[in-house]
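Chemist: To convert, note that position 156 of the sequence shown is 156 in the UniProt record's numbering; the numbers rise steadily by one, no gaps.
Quick reminder that beta carbons are idealized off the backbone N, C-alpha and C, glycines included.
Keep in mind the model is a prediction, meaning the values are calculated, not measured.
Before I ask anything, let me first share the structure, which is written out below as structure tokens.
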Amino acid sequence: MGDQDIPKVKDAESVESERDSGSTSTTIEVVSEEVETPIIRARKYALSGQQIQADVLTRNTKQKLSELSVGDNVIILIPQYDRAPTDPRNIQGVVVEVGNFGYRVGTIAGNLSGVLSRNQLESISDSSLSVTQIPDLQLSLREAVKIFFKNWWTGSSLLQMRCHGSLTCSNK
Numbered sequence: 001m002g003d004q005d006i007p008k009v010k011d012a013e014s015v016e017s018e019r020d021s022g023s024t025s026t027t028i029e030v031v032s033e034e035v036e037t038p039i040i041r042a043r044k045y046a047l048s049g050q051q052i053q054a055d056v057l058t059r060n061t062k063q064k065l066s067e068l069s070v071g072d073n074v075i076i077l078i079p080q081y082d083r084a085p086t087d088p089r090n091i092q093g094v095v096v097e098v099g100n101f102g103y104r105v106g107t108i109a110g111n112l113s114g115v116l117s118r119n120q121l122e123s124i125s126d127s128s129l130s131v132t133q134i135p136d137l138q139l140s141l142r143e144a145v146k147i148f149f150k151n152w153w154t155g156s157s158l159l160q161m162r163c164h165g166s167l168t169c170s171n172k
């Protein structure tokens with residue numbers, strides 16, 4: 001710290017003489033202005049550092065994660081609490097709408113309610129799913145996972161357990 005950063009302290013006689021002349025308020029303003037200057041300077045420095053850090057983070061994210069457009073096939077990562085331990089960790093979807101705050105994604109089960117951010121999606125080159133194949137249902141991710149895995153385990157049909165009820169079954 002230099003001498004200009006230290007606030008000036010006045011002795012009692014100079015304050016007494018200034019009080020008589022009526023200039024007390026200007027003295028207080030000058031002293032408080034000198035005290036706030038280093039604080040304001042530090043805040044501006046911190047703000048500029050945060051802005052630089054945010055710009056670097058945004059630039060790096062855009063380089064790592066390319067933008068998605070409508071019709072792009074994606075993999076949706078399923079959180080661990082939305083799936084059973086034996087279920088796969090992701091499902092396939094297609095980008096239905098691109099908004100300012102994220103992407104609306106549809107799956108075979110229906111459209112997911114809410115928007116997903118770019119870091120929740122992984123782009124894939126497989127284009128087996130199109131926007132026209134998505135039903136007009138609004139589902140949560142958990143509901144879509146239930147429907148998707150019910151069809152996934154059974155081969156897109158209802159599983160019928162009649163094997164051991166029959167006498168002709170050789171798989172006993």
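#1: Check this for me: beta carbons of residue 112 and residue 144, under 9 Å apart or not?
#2: For residue 156 and residue 131, I'd like the C-alpha separation in whole angstroms.
#3: Can we say the segment 121-129 touches the segment 91-106, given the rule of at least three CB pairs closer than 8 Å?
#4: Could I get the ranges of all uninterrupted beta strand (DSSP E) runs contained in the segment 72-158, with 3 residues as the minimum, in chain order?
#5: Is the beta carbon of residue 78 closer than 9 Å to that of residue 87?
#6: What would DSSP say about residue 47, mapped onto helix, strand or coil?
#7: Take the Cβ of residue 70 as the centre, count every other Cβ of all protein chains shown within 10 Å, and call the residue buried at 16 or more, exposed below.
#8: So, are the CB atoms of residue 118 and residue 65 less than 9 Å apart?
#9: Candidates 116, 93, 92: which alpha carbon is nearest residue 99's?
#10: What does a CB cutoff of less than 8 Å around residue 47 pick up in its chain, not counting 5 residues either side in sequence?
#11: Can you tell me whether residue 148 is buried or exposed? The criterion is at least 16 other CB atoms within 10 Å of its CB, across all chains shown.
#12: Buried or exposed: residue 114, going by 16 or more other Cβ atoms within 10 Å of its Cβ?
#13: Mapping DSSP to helix, strand and coil, what is residue 68?
#14: Given residue 101, which residues of its chain have a CB within under 7 Å of its CB, disregarding the five upstream and five downstream residues?
#15: Quick check: what's the CA-CA separation for residue 37 versus residue 50?
Modeler: If we stick to the structure as given:
#1: Yes.
#2: Below a pLDDT of 50, predicted positions are generally treated as unreliable, and residue 156, at 46, falls in that range; no measurement from the model is reported.
#3: The segment 121-129 vs the segment 91-106: in contact.
#4: For the segment 72-158, whole beta strand (DSSP E) runs of length 3 or above, ordered along the chain, are 73-77, 90-98, 103-106, 121-123.
#5: Yes, the pair counts as a contact, with Cβ atoms nearer than the cut-off.
#6: For residue 47, the three-state secondary structure derived from DSSP is helix.
#7: Residue 70 is exposed by the Cβ-count criterion.
#8: Yes, Cβ-Cβ distance for residue 118 and residue 65 is below 9 Å.
#9: The shortest C-alpha separation from residue 99 is found at 116.
#10: Nothing meets the Cβ criterion.
#11: Buried: at least 16 other Cβ atoms inside 10 Å.
#12: Residue 114 counts as exposed, since fewer than 16 other C-beta atoms from the protein chains shown sit within 10 angstroms of its C-beta.
#13: Three-state result, residue 68: coil.
#14: The beta carbon of residue 101 sits closer than 7 Å to the beta carbons of 115 from its chain, once the five residues preceding and following it are set aside; these are given in chain order.
#15: Going by the C-alpha atoms only, they are around 20 Å apart.
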